[in-house]
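Heads up: the sequence lines are chains A, B and C, in that order.
Take 1 as the starting number for the first sequence in my numbering and just add one per residue.
Take 164 as the starting number for the second sequence in my numbering and just add one per residue.
Take 696 as the starting number for the third sequence in my numbering and just add one per residue.
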Amino acid sequence: MKKILALCIALLLIFAVVGCGDETPKGDDVLKLNFYVMYKGEQVKVGVEAKDIIPKLGEYKSEDGEACGTNEKDVIYTLSGIEIETHVSGESEIIRQIKIIDDSQTTVEGITIGSTRDEVIAAYGKVYTEGSSGAIRYEGDASAIEFHFGSSGNVSNIYIKRR
Amino acid sequence: MLFTSYEFVAFICLAFLLYYLVPKKAQWALLLLASYGFYAFSGLSNLIFIVSTTLVTWGVGLWVSKIRRASESYLAIHKEDLTKEEKKAYKAKEKKKSFSVLCLGLAVGFGILAVIKYTGFALSNVNSILGTFGVEQKLSIPDFILPLGISFYIFQSMGYLIDVYRGRAEAEKNIAKFALFVSFFPQLIQGPISRHSDLAPQLYGEHSFNGSAFFSGLQRMAWGYFKKLVIADRILVGMKTILGDTAEYRGAWALLLILAYSVEIYADFTGGIDITIGIAECFGIKLKENFNHPFTSKSTKEYWNRWHITMGSWFTDYIFYPLSVCRPMQSISKKSRKLFGNAIGKRIPVYIATIVTWFLTGLWHGAAWNFIVWGLLNCLVILVSQELEPLYQKFRKAFPRLSSSKPYGAFMAARTFLLMGFIRSLDCYRDVPTTFSMWLSVFTVGNYGELFSGKMAEVGFDAANVIIIVLATATVCLVNALLVKKGCDLRQSLADKPFLSYSLFALVIVAIIIFGAYGAGYDASDFIYGQF
Amino acid sequence: MKKKIIAAVCAVLLAAVLLFATHLLVMPKYIENPEGRLVGEYYSQAGDNDVLFLGDCEVYESFVPAVLWEKYGISSYVRGSSQQLIWQSYYLLEEMMEKETPKAVVFNVYAMKYGEPQNEAYNRMTLDGMKWSSSKVGAINASMTEDESLVDYVFPILRFHSRISQLTADDFKYFLGAPEVSDSGYLMQTAVRPMTTTRTGDDLFDYNLPSVSFEYLDKMRELCEKKGAELILIKAPTNHWKFWWYDEWDKQISDYADESGLDYINFIPLCEEIGIDWSQDTYDEGMHLNVSGAEKLTDYFGKMLSEKYAVPDRRGESELSSAWQTRVDKYYERKNTEK
């Protein structure tokens, strides 16, 4: 009887182990969950409806790039120090990319155009991927941030993109 | 595999073909192969649970049966040399032995279910209690993935064990055959929960191909797909929007959700059962009906005799009755009669058994408080109705014509429909306080005008969708009305009218393909009961 | 028993008729976005084309077969569609090569930037127009996104049945098909919207073109070799950040062409020589050419095809000439109507 009970308990424990799902990553594996910029006190992030953000940001210029064969298009809004690229599909216009274009704008972590590579790594950590262009990318949950370097070796452009 | 996936359609066509090509003796083996193949598709690691349930149940069943047989044989041999008291004592001892073995089997079976399904719920409640006492250290909650159909096959297996113990079913000696009973794929996702004595002879029997019977099964399947894809999945699109924003969609929207969900779950669940029963019919196997026109019910009690019948009868046979007549309950009954008098005293054991049964029924539906509250509310309505029965009787005596009139009957059915609808919405909102607040908003937020504005289209209930839902539902109501009126299977009455019968079948298939809410543009939705 | 068989046949026919009629009703007609009709229009001119153009919108809005015939006697077809991916171009070429023996195959390399299935809508616009063949199956399998399934291509009603509640007047008007929208695969654009942007393309994280694109380019090259056709790689002229052609990409194509002994013509730096005026010759602010720009480019390239690639002048062939005259007339009729 005791043996049977022991066997049953052992079986139950096996099920418990087998049935376990993946554990969510903790600690240093995930650096940041989402990247964004602060512009005129507003949090500007990717993946949200443009109409909820852009009207609050003040003056801008815009230009379109239409897609072939559909009614969709990309729109680039140029503001002071940043560009916001959206994708229009039907009624929805989602922010797809934020680009920092000059040193009047910094990232939340304090990096801007002209920062050095070491400063970027110091601010964002060592968990990044490197592209063939020499750019480095940090992956977040729903967004990623890329730092591109010019011939001087300093940051020439910063992009926050949807994942 | 979803019933409504291309893979399943290909799988079932192949299964039907092979079933009638293999030697009849091997048909059950093919069904076993198909069932395990179907199950493996949901994830190979899930097989460990159904295999271990099968092994343990089979072993325990044989053991219990062996004890009973040994006991019978012993008593037969020693018929003359044992006294009455000795025989009684021996029987009691053997019964205790087989009861212990049964409990072992039940502990393992329900233990597996409890661990996989309820550990998270239990621990999160413990954490809440710890939090209330200011304890910061929380228990970590494991993330178990619920294996497909676990609630159904464990209940079916445990029912089998209890039937063997009671002598109502023969223990199955062949483990492979027993494995088929546990895993028979059409009923894995949402039942019906079958009894071994009903299902086994059919499952293991030999079946010749019968064209009319096979076509009859296909008709039932087509009808199920029609209800599921054209009605249920179409309503689900709008329902999801309403549920996605409870701040925005209250009042009239809550009432719309309640009504829509009533239709949706009826179409989804009965549709799924039609597919299940239809598939089994195509294999020459007759499964028990699980629904009997539940929305014609005039009381909650009647409703639960017509809705998810096999679940209701399982809980009645294996929980309610044993609980009502067990020794501890009998002693409670005695004590309460002494303390509170006969009138109250005799109610207490029934009430306890009913409450426990409904608590467990709620818990079976899901490891969350909303399901428990759902179960207990059903229980409350039933018990209150029971208590008010003398009053109803007086009313019926005082107004015999009114109480037997059709309008009054319709009023009772409508009232039951709405009441069940409100309680059932705990399924949708998943959060008890939110559900109660939604119920209140139905009567306090006067936004019924919004239902006639463009907002309906925004939600997903645009004119075209509503027309399709209404027409399809009306068709189902018409067919149900014919079934109730004619009191017989419509398919039988069409059997000798091939032109009408085949054309109607073709039209149902065409309607499913054209008006079914499947594929891109709709979210693929599993049967609601697949999560239980 | 006989009664049952007849009844069954009647029921099947009833279902087939209803489903086919619904299929015709719900299939997208691509009236507002006629790019979806391009691939299917090829079959009326299949066979006897000396030059086949393959590619995406940069190709079907840049080269005018009517002009190639009129000026150089070159019989050609532009088999292109929106966001036509390289494997789709390959399988379309494979299909065409069953009936064609072209002297030259011209492939626009922009689509090489895509190494993975992209978008169901674009897939449909390219693939639904193909007639069933092993090439179509190959194209579908290579193109399907995760949510798509081959069954939905075999029975498009399974994909488009949801349109039953979204039908428009066009679905009924063009129930049996819409009129031809292209001229031998060229989609005419007559509007003039001058280029205003000076923006260039954004930096890329990785400038390497996907290896799978080169695999399909190899396959295209091998198929052309087998059929005795010259494969010419081109980059159509665009001047807009949305369709930016990076120097790094240009180099990779150039290197491939050198290694494979192919010609690669990047028309972007040749715009001035061709006479393209981005204030007049574009209908969408520099993304694509309008008819005026396309005619200039076609004239320029036609000379090349005629002189350098020795594509014959077939204006002397009466039957071919007659067929082409009809097409040329249609072309000018459309040009005059759409002005």
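Quick reminder that beta carbons are idealized off the backbone N, C-alpha and C, glycines included.
As the structure is a prediction and not an experimental result, all values here were calculated from the model.
* Asked: What residue does the beta strand (DSSP E) around Gln43 of chain A start on, and which one ends it?
  -> Start and end: 42-45.
* Asked: From Arg1022 of chain C to Asn1031 of chain C, what does the alpha carbon distance come to, in whole angstroms?
  -> Arg1022 of chain C and Asn1031 of chain C: Cα-Cα distance of roughly 14 Å.
* To do: Leaving aside the five residues before and after Gly47 of chain A along the sequence, list all residues of the same chain whose C-beta is less than 6 Å from its C-beta, in chain order.
  => For Gly47 of chain A, where only same-chain residues beyond five positions count, the Cβ hits under 6 Å are Ala142, Arg162.
* To do: Check distances from the C-beta atoms of the region 718-751 of chain C to those of chain A and list, in chain order, the residues that come in under 8 Å.
  => Listed by position along the chain: Glu727, Asn728, Glu730, Gly731, Asp751.
* Are the Cβ atoms of Arg854 of chain C and Asp847 of chain C separated by less than 8 Å? -> Judged by their CB atoms, Arg854 of chain C and Asp847 of chain C are nearer to each other than the 8 Å cut-off.
* Sequence-distant residues of the same chain with beta carbon closer than 7 Å to Leu286 of chain B, five excluded per side -> For Leu286 of chain B, where only same-chain residues beyond five positions count, the Cβ hits under 7 Å are Leu302, Ile304.
* Which residues, in order along the region 928-952 of chain C, keep a beta-carbon less than 7 Å from a beta-carbon of chain A? -> Here the close residues are His935, Trp936, Lys937.
* Excluding sequence positions up to five away, which residues of its chain have a Cβ less than 7 Å from the Cβ of Thr821 of chain C? -> In chain order, Val734, Ser776, Gln779, Gln783 place their CB closer than 7 Å to the CB of Thr821 of chain C, counting only its own chain and leaving out the 5 sequence neighbours on each side.
* Starting from the C-beta of Gly538 of chain B, find all residues in its chain whose C-beta is less than 8 Å away, skip the five residues before and the five after it, and write them out in chain order. => Sequence-distant partners of Gly538 of chain B (beyond 5 residues in either direction) whose C-beta falls short of 8 Å from its own C-beta, in its chain, are Trp521, Phe522, Leu523, Thr524, Gly525, Leu526, His528.
* To do: Taking Val887 of chain C as the query, report the chain B residues whose CB atoms sit under 9 Å from its CB, ordered along the chain.
  => Within 9 Å Cβ-Cβ: nothing; Val887 of chain C doesn't reach chain B, min ~38 Å.
* Would you identify the three-state DSSP class for Tyr1026 of chain C, choosing helix, strand or coil? => DSSP places Tyr1026 of chain C in helix when its eight states are reduced to three.
* Cβ separation of Gly441 of chain B and Gly380 of chain B, assumed to be a contact under 8 Å, to the nearest whole Å -> Right, their Cβ atoms sit about 5 Å apart.
* **Min CB distance Phe678 of chain B to chain C below 8 Å** => Yes, its Cβ sits closer than 8 Å to a Cβ of chain C.
* Does the beta carbon of Asp102 of chain A come closer than 8 Å to any beta carbon on chain C? -> Closer than 8 Å: no.
* In chain A, which residues lie with their C-beta within 8 Å of the C-beta of Ser906 of chain C? -> Neighbours of Ser906 of chain C on chain A: none; closest Cβ ~13 Å, over 8 Å.
* Step through the CB atoms of chain B and report whether any lies within less than 8 Å of the CB of His983 of chain C. => Not closer than 8 Å to any Cβ of chain B, the Cβ of His983 of chain C fails to qualify, so no.
* To do: Kindly give me the distance between the Cβ atoms of Leu928 of chain C and Asp958 of chain C, rounded to whole angstroms, as I take these residues to be in contact under 8 Å.
  => Separation of the CB atoms of Leu928 of chain C and Asp958 of chain C is rounded to 7 Å, and the pair is thereby assigned contact status at 8 Å.
* Which residue spans inside the region 753-787 of chain C form an unbroken beta strand (DSSP E) run of at least 3? -> As far as the region 753-787 of chain C is concerned, its whole beta strand (DSSP E) runs of at least 3 residues are 771-775.
* **Test: Ser143 of chain A CB closer than 8 Å to a CB of chain C** => Output row for Ser143 of chain A: interface = no.
* To do: Indicate the three-state DSSP secondary structure (helix, strand or coil) for His370 of chain B in the structure shown.
  => Reduced to three states, the DSSP call for His370 of chain B is coil.
* **Neighbourhood of Gly330 of chain B by C-beta, 8 Å cutoff - its chain only, sequence neighbours within 5 removed** => For Gly330 of chain B, where only same-chain residues beyond five positions count, the Cβ hits under 8 Å are Arg231.
* Neighbour list for Gly682 of chain B in chain C, Cβ cutoff strictly below 8 Å -> By Cβ distance, chain C contributes Asp847, Leu853, Arg854, His856, Ser857.
* Mind checking which residues open and close the beta strand (DSSP E) that includes Val721 of chain C? => No beta strand (DSSP E) contains Val721 of chain C, which is instead part of the alpha helix (DSSP H) from 697-721.
* Cutoff 8 Å: Leu31 of chain A Cβ touching any chain C Cβ -> Note on Leu31 of chain A: pLDDT 49, under 50, position unreliable in the model; no value is reported.
* To do: Tell me where the alpha helix (DSSP H) around Met792 of chain C begins and ends.
  => Run containing Met792 of chain C: none; DSSP gives neither H nor E here.
* **Terminal residues of the beta strand (DSSP E) in which Arg96 of chain A lies** => In this chain, the beta strand (DSSP E) harbouring Arg96 of chain A covers 92-100.
* Asked: Using a C-beta to C-beta distance shorter than 9 Å, which residues of chain A count as neighbours of Tyr902 of chain C?
  -> When 9 Å is used as the limit between beta carbons, Tyr902 of chain C is near these residues of chain A: Gly131, Ser132, Ser133, in chain order.
* Cutoff 8 Å: Ser656 of chain B Cβ touching any chain C Cβ -> Using beta-carbon distances, Ser656 of chain B does not count as an interface residue toward chain C, since no partner is under 8 Å.
* Opposite Asp74 of chain A in the DSSP bridges: which residues? -> Per DSSP, A:Gly65, A:His87.
* Is there contact between the region 351-371 of chain B and the region 396-407 of chain B, where contact requires at least three CB pairs shorter than 8 Å? -> No, the region 351-371 of chain B does not touch the region 396-407 of chain B.
* Answer with yes or no whether the minimum CB distance from Ala376 of chain B to chain C is below 8 Å. => No, Ala376 of chain B lies away from the interface with chain C (no Cβ there is under 8 Å from its Cβ).
* Kindly indicate which residue of B:Ile240, B:Glu235, B:Gly274, B:Ala270 has the alpha-carbon position closest to the one of Lys256 of chain B. => In terms of Cα proximity to Lys256 of chain B, the closest of B:Ile240, B:Glu235, B:Gly274, B:Ala270 is B:Glu235.
* Ser739 of chain C - DSSP class collapsed to helix/strand/coil -> If DSSP states are grouped into helix, strand and coil, Ser739 of chain C belongs with the helices.
* Residues in the region 626-646 of chain B with C-beta within 9 Å of chain C's C-beta atoms, listed in sequence order? -> So the list reads Ala626, Ala627, Asn628, Ile630, Ile631, given in the order they occur along the chain.
* According to the Cβ coordinates, are Lys1025 of chain C and Ala873 of chain C closer than 8 Å? -> No, the Cβ-Cβ distance between Lys1025 of chain C and Ala873 of chain C is not below 8 Å.
* To do: To the nearest angstrom, report how far apart Leu218 of chain B and Phe174 of chain B are at their CA atoms.
  => The straight-line gap from Cα to Cα measures roughly 27 Å.
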